[in-house]
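For reference, the structure discussed in these notes is given below.
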Amino acid sequence: MLVQVLRNQVHRPSNTLTPLADFGEDEGKKVGGTFALLQLKKVSPAAAVEAWISGNPALGDLTRELPWFEDTMLGISTELRAQVPYGVKLRAYLGASVSAADGLSDAYMTKTFYDMGDSGTANGLLAMIGANLAFQCFIIWVQNHGVKKKKRGAMMLEMLTAIAFVKPGVDAHRVASGAEQVQGAPVSPLQEMLFTKCGELFFEAIPGLILQAFALLMAERQSNAAVVSIFVSVASTALTATTIFWDYDTDPIARKRNPDWAGIIPDLDRGRAFVVVFMMCAFHIIAKAVATALLAVTDVSLLLGYIVADHVLHWIYRIARADLVYFPAVPAAVSYAVSPLLRVIIKVLIDFTGTPHLRLPLNGGGAYWLFSLAASQASVFVCVHLYLERAGDGVNKVDAVSLWSGAVSLAVVWLATFTYFVFRVAVPKYRHTLWSWTSGRQMLRKDFLEGDDDAKRFRIFSKNLLLWESDIGEEVRAWTGENWARWKVEKPGWFKVEVVPDQFVPARELALLGGARKRRGSAAGSIRESFREVGGGEGGGVDE
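With the numbering used here, letter number 369 in the sequence shown gets 378, and the count goes up by one each step, no holes.
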């Protein structure tokens, strides 16, 4: 088997259910021959090894008998990717190509709108591109600010990749090649990639898609280039939304740290699962973007009223469930200032992409995620009706038959792919997460009180105090008081004194540390620390 692994030749999938006791040379060749294929398909060496072992029961038995086996294969996977970069390049170039194609199509359409005299739409597209670049540069600054070696050069080079629209490919290359977190950087390459993707969706992809659809509906003559640009934007947005969900849910570390929520994607036949999720997101994006553009064409005041009412309803839901504050562990003042913006970003991403990643309790929550999908699909029919009834003079109306046929077709294919995902793709034990009422506050309470090891319970300190102190503060204080002396002696790797708030440090230990310690002193430091704590959580980007 190992000989086949080291040959690193791509073979068709050949997983076997043969148990370890009956595992022979033929089975070893088949299983070993699939290792190289997984380097092409998986985002990281750890994900490739996890999929390889989980797909073959004999390897699972071997891992349990030989604890070093998984770590050995992880080292081999990392080394093979470094020596033979085709697997790395496939994922990196795919991400870079789609992102670059979307950027080029936006640039082309910006020039086209200027040539047509539609400077308003052109300026709008430029503003969205600029906002996305500014956000990416902010992420780069946070990621590199604490790096000790060659900080300025690295930061400038990273910002150049963002300006050149190739940062998605660079990020994917790092993740796929197994690059480690740079010392001083607050998050890993995977988490940085997810933050960047979420910013790209919110600041550029979604508003740019709506603006292009609006311009197309208002144009006297539909341009083929505009239609192509819209479809490229849809594909890029759907791919980004799918990979945000995919990279988290299939990540072995996320599955180990958060087994109640990560793992809805099956271990076998993941290619089919990826296609289904991509189609589900793509159909949802098209429907929601076109509906929004139709309402904007009909009456901008109607669109603004709908947006305000929708967000007010969202705020009422969050306040009623005591789930308004977002989860990064930052000071209260920073949390109250940043949480509203983060909640708006999360809501917009749920509404316009439907990515299943945002069903997680600390993000949107399963019940709200499902409600938002249903409401977004229903809004398409309302927007079509209002457009046909109220769109005024000066609008080159699309005929009613085409609009209703398109709306019904989109709804049917989306519902079909969604149903297929729920009942034919999703792992049954995780289906309840798609409609779960569990809030972020309830999840943290359960994880701490029912946690079976100190390492998992200690991660409560990476979450916002405002979410859990009033509920389980006394239990956490009692737990640290009982175990602090033992942790000092054993010195486990997860025991980070600096992340524990003063009120949860035993009084005697706090005195030894010099009383009230200097904690996160600046807003910038708070933001950097929150990124670090999010990175130590269950994923990255818009993350558990």
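Ideal placement from N, C-alpha and C gives every residue a C-beta, glycine not left out. All figures in this text were calculated on a predicted structure; none of them were measured in a lab.
Alpha-carbon to alpha-carbon, residue j and residue i
i      : j      : result
Tyr326 : Ala318 : 12 Å
Thr442 : Tyr377 : 11 Å
Phe254 : Lys438 : 18 Å
Asp256 : Ala56  : 9 Å
Val422 : Ala383 : 14 Å
Thr251 : Gly401 : 38 Å
Cys207 : Ser414 : 32 Å
Lys527 : Phe144 : Its pLDDT being 46, under 50, Lys527 is placed unreliably in this model, and the value from its coordinates should be taken loosely. Rounded to the nearest angstrom, the two C-alpha atoms are 29 Å apart.
Asn65  : Asp35  : 14 Å
Leu570 : Phe122 : This structure leaves residue 570 out entirely; the chain is present only between 10 and 553.
Leu333 : Trp270 : 21 Å
Ala291 : His320 : 23 Å
Gly374 : Leu476 : 15 Å
Leu515 : Arg495 : For the sequence presented, residue 515 should be read as Pro rather than Leu. Cα-Cα distance, rounded: 13 Å.
Cys146 : Gly162 : 14 Å
Thr307 : Val347 : 34 Å
Leu379 : Gln512 : 38 Å
Val175 : Leu142 : 12 Å
Ala244 : Ile481 : 44 Å
Pro510 : Gly502 : 18 Å
Leu358 : Gly523 : 45 Å
Ala173 : Glu499 : 48 Å
Val97  : Gly280 : Any answer about Val97 is weak, because its pLDDT of 45 lies below 50 and its placement is not dependable; what the coordinates show is given next. When rounded, the distance between both Cα atoms is 17 Å.
Ile239 : Leu367 : 24 Å
When the options are compared against residue i, the one with the closest alpha-carbon
i      : options                        : result
Arg330 : Ile215, Ser128, Leu304, Trp446 : Trp446
Lys265 : Asp124, His366, Asp462, Pro337 : Asp462
Leu521 : Lys497, Gly84, Phe504          : Lys497
Arg517 : Glu491, Phe504, Lys505         : Glu491
Pro349 : Arg399, Gln145, Ile328         : Ile328
Thr259 : Thr246, Pro275, Ser245         : Pro275
Val431 : Cys392, Pro365, Lys176         : Pro365
Arg183 : Ala173, Leu203, Met165         : Leu203
Ser411 : Leu424, Leu397, Val404         : Leu397
Gly133 : Glu167, Gly217, Ile85          : Gly217
Ser197 : Asn372, Met165, Gln152, Val286 : Gln152
Pro268 : Gly460, Phe504, Gly69, Ile85   : Gly460
Asp180 : Leu199, Val191, Leu166, Met168 : Leu199
Val391 : Ile239, Ala305, Ala435         : Ala305
Val285 : His154, Val236, Gly363         : Gly363
Asn405 : Phe240, Ala228, Leu322, Glu478 : Ala228
Leu312 : Gly126, Trp324, Leu113, Arg399 : Arg399
Ala67  : Asp80, Val40, Phe283           : Val40
Val436 : Gly272, Ser63, Val236, Trp493  : Gly272
Opposing strand residues paired with residue i [DSSP bridges]
i      : result
Pro337 : Lys472
Short Cβ contact (8 Å threshold) for residue i with residue j
i      : j      : result
Ser385 : Asn473 : no
Ile149 : Ala171 : yes
Ile295 : Phe361 : no
Gln221 : Met82  : no
Ile219 : Ala131 : no
Ala224 : Thr246 : no
Phe211 : Ile354 : yes
Phe470 : Ala342 : no
Pro370 : Ser448 : yes
Ala420 : Val393 : no
Glu483 : Pro261 : no
Met289 : Thr426 : yes
Val485 : Phe457 : yes
Thr249 : Glu201 : no
With 16 other Cβ atoms within 10 Å as the buried cut-off, status of residue i
i      : result
Ala487 : exposed
Pro340 : buried
Lys356 : buried
Lys160 : exposed
Asp278 : exposed
Ser242 : buried
Met452 : buried
Val389 : buried
Trp61  : buried
Arg73  : exposed
Ala464 : exposed
Val299 : buried
Arg450 : buried
Phe467 : buried
Ala395 : Position check: residue 395 holds Leu in this sequence, whereas Ala was assumed. Buried.
Ala409 : exposed
Residue i beta carbon near the ligand MG (any heavy atom closer than 7 Å)
i      : result
Arg468 : In the structure shown, the ligand MG is absent, as is every other ligand, since no ligand is present at all.
Beta carbon proximity, residue i to chain B, threshold 8 Å
i      : result
Lys438 : Protein chains in the displayed structure number just one, and chain B is not present.
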